[in-house]
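Q:
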Amino acid sequence: MLREEREHQGLSKYAVAERSGLSEQMVGYVERGLRHPSLETVVRLASALDIDLGDLIKKAYKTVSRGA
3 MLREEREHQG LSKYAVAERS GLSEQMVGYV ERGLRHPSLE TVVRLASALD
53 IDLGDLIKKA YKTVSRGA
C-alpha cells in the first residue's frame, strides 16, 4: 500500500526517506514486506506521504481481512 501511494504521488523512495527521517533502505524493506515497522515508523511514513494514519490502518485491515 505504501509503494502504491508513493508511486501515485510520483515520489521516489529517496524523497520519502528524506521526508520521514528513515533510510531509503528501510522504506524499501517496509514496502516489500521484509520488515514489520514499529508504530513510530508507520507514523513517520504516513506523515511523509501526507496520509491520514486512520485511513492507512483501515486499508491495511481490509487487505488483511481479505487474505491478501
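Sequential numbering from 3 applies to the sequence shown in our numbering.
The C-beta atom is built at its ideal place from N, Cα and C for all residues, glycine as well.
Quick one: Cα of A17 to Cα of L55, how far?
A: Indexing the sequence shown from 1 puts residue 17 at position 15. Indexing the sequence shown from 1 puts residue 55 at position 53. About 19 angstroms.
Q: In the DSSP assignment, find the unbroken alpha helix (DSSP H) run with H38 in it and report its ends.
A: Here residue 38 corresponds to residue number 36 of the sequence shown, with the count starting at 1. That residue, H38, is in no alpha helix (DSSP H); it is neither H nor E in DSSP.
Q: How far does the alpha helix (DSSP H) with S14 in it reach, from first residue to last?
A: Residue 14 sits at position 12 when you count from the first residue of the sequence shown. It is not in any alpha helix (DSSP H) - S14 carries neither H nor E in the DSSP assignment.
Q: Have a look at H10, T43, V66 and flag the residue whose alpha-carbon is nearest the alpha-carbon of E26.
A: By one-based count along the sequence shown, residue 26 stands at place 24. Of the listed residues, the one whose Cα sits closest to E26 is T43.
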